[in-house]
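Student: Numbering-wise, the sequence shown is residues 31 to 333 according to the working numbering. Here a beta-carbon is modelled for each residue, glycine too, at the ideal position from N, C-alpha and C. This structure is a prediction, so every number in the text was calculated from the model and none was measured.
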Amino acid sequence: MPDIHFAPIQGYTDHVYRKAHYELAGGISTYYSPFMRLEHGEVRRRDIRDISAENNSGVPMVPQIIAADAIELKQLTNVVRDSGYRRIDLNMGCPHPPQAGHGRGAGLLTRPDAVREIMAEIASTPDMKFSVKMRLGLESPDEWRQLVDILNDTPLEHVTLHARTARQMYRGVPDMDMFDAFLQQCRHRVIYNGGIKTLADFQNLEQRFPSLQAVMIGQGLMANPCFATECRQGRQFTQAESQKVIMAIHDRIFSHASATLQGDAQVLTHMQAFWRPLEDSIDRKLWKKLIKTSSLSKYREQF
């Protein structure tokens with residue numbers, strides 16, 4: 031059975047969520063931090079805080095970065111190294127315009143010269159191990175073809191491929207045939223990512239690609255935190271089983287939010303964001319109350 035990696039999701043899978051999920055839901059072999067980036071030439075302090083050893087003790091986590099060129103990559107690498115890590119995942123798949131439009135994430139997929147320079151920087155940094163997360167392409171599902179030889183010539187731990195284009199965002203059917211073509215041509219270990227949301231999805235992927243050593247799941251795990259354990263056990267949890275785990279994760283996150291955020295409004299907004307992907311995993315009436323409540327005091331009354 032392939033290992034399951036938890037894809038990073040901006041605004042959700044911070045160190046509080048990762049630790050709670052690892053200890054209470056389980057089933058994950060590797061977590062990734064939401065990507066660290068440069069902002070006005072510096073790495074945001076909250077991003078550094080998120081990957082600190084203190085906040086990630088005991089959790090198998092790899093910091094992820096996003097960079098437009100070798101210069102940015104080197105600066106981010108130095109920060110990750112200073113935080114005590116020797117592993118980095120490079121995001122070459124983010125489809126969102128604020129990043130892709132500036133040549134980062136999926137914006138790199140049509141810039142082979144920039145990718146070549148970045149890979150040369152990776153090759154010249156032997157004290158760090160790198161992996162890459164990417165998509166089939168920015169606009170076309172065959173744009174990976176101009177990059178695969180560059181990746182093959184670079185020492186990488188693995189390549190995670192989301193089997194959609196950036197243009198598709200998270201919509202539409204993943205292109206399994208194109209993923210298969212990439213799998214045949216890439217000499218690195220390849221991890222599948224994209225559209226795995228049900229136990230049947232996971233089992234069908236196993237059957238079609240029996241050589242896969244790992245699968246990365248993001249939205250499927252946000253909608254059902256027990257999903258990885260379900261895959262490992264080969265059974266779907268009952269709603270009562272899932273809700274018990276979700277409530278335990280909630281209590282950890284709510285406790286941290288109450289202690290660190292400023293004011294009831296911030297705490298309520300944070301917790302409603304937690305519930306938004308979980309519509310199908312808990313009692314429908316309870317979910318509606320949690321999403322629609324207008325005050326923290328009314329929110330507390332639901333538990």
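Between which two residues does the beta strand (DSSP E) carrying residue 163 extend?
Tutor: Run containing residue 163: 159–167, per the beta strand (DSSP E) assignment.
Student: If you compare alpha carbons, which of 34, 152, 224, 43 is closest to residue 60?
Tutor: Comparing Cα-Cα distances from residue 60 to each of 34, 152, 224, 43, the minimum goes to 34.
Student: Tell me which residues share the same chain as residue 62 and place their Cβ nearer than 6 Å to its Cβ, disregarding the 5 neighbours each side in the sequence.
Tutor: Hits under 6 Å: 38, 92, 94, 119.
Student: Near residue 147, which residues of its chain fall below 6 Å by C-beta distance, leaving aside the five closest residues on each side in sequence?
Tutor: So the list reads 100, once near-sequence residues are dropped.
Student: Does residue 286 come out as helix, strand or coil in the three-state DSSP assignment?
Tutor: Three-state result, residue 286: helix.
Student: Taking DSSP as the reference, what is the three-state secondary structure of residue 334?
Tutor: The shown model of the chain, from 31 to 333, leaves out residue 334, and the question about it has no answer.
Student: Whole angstroms is fine: what's the gap from residue 135's alpha carbon to residue 128's?
Tutor: Between residue 135 and residue 128, the C-alpha separation is close to 10 Å.
Student: Tell me whether residue 140 sits in a helix, a strand or coil according to DSSP, three-state version.
Tutor: DSSP places residue 140 in helix when its eight states are reduced to three.
Student: Quick one: using the 10 Å Cβ neighbour count with 16 as the cut-off for buried, is residue 198 buried or exposed?
Tutor: Answer is buried; the Cβ neighbour count reaches 16.
Student: Below 8 Å on the Cβ atoms is my contact criterion, and I expect residue 166 with residue 174 to pass it. Report the Cβ-Cβ distance as a whole number of Å.
Tutor: Their Cβ separation, rounded to whole angstroms, is 5 Å, which keeps residue 166 and residue 174 in contact under 8 Å.
Student: Enumerate, from N- to C-terminal direction, the unbroken alpha helix (DSSP H) stretches of 4 or more residues contained entirely within the stretch 31–100.
Tutor: Within the stretch 31–100, the complete alpha helix (DSSP H) runs of at least 4 residues are 45–54, 75–81.
Student: Quick one: Cα of residue 228 to Cα of residue 256, how far?
Tutor: Approximately 11 Å, taken between the alpha carbons.
Student: Counting only the same chain and skipping the five closest in sequence on each side, list residues whose C-beta sits under 7 Å from that of residue 53.
Tutor: Same-chain partners within the cutoff: there are none.
Student: Thinking residue 56 and residue 259 are a contact (beta carbons under 8 Å), I'd like their distance in whole angstroms, please.
Tutor: The Cβ separation is near 5 Å, so the contact holds.
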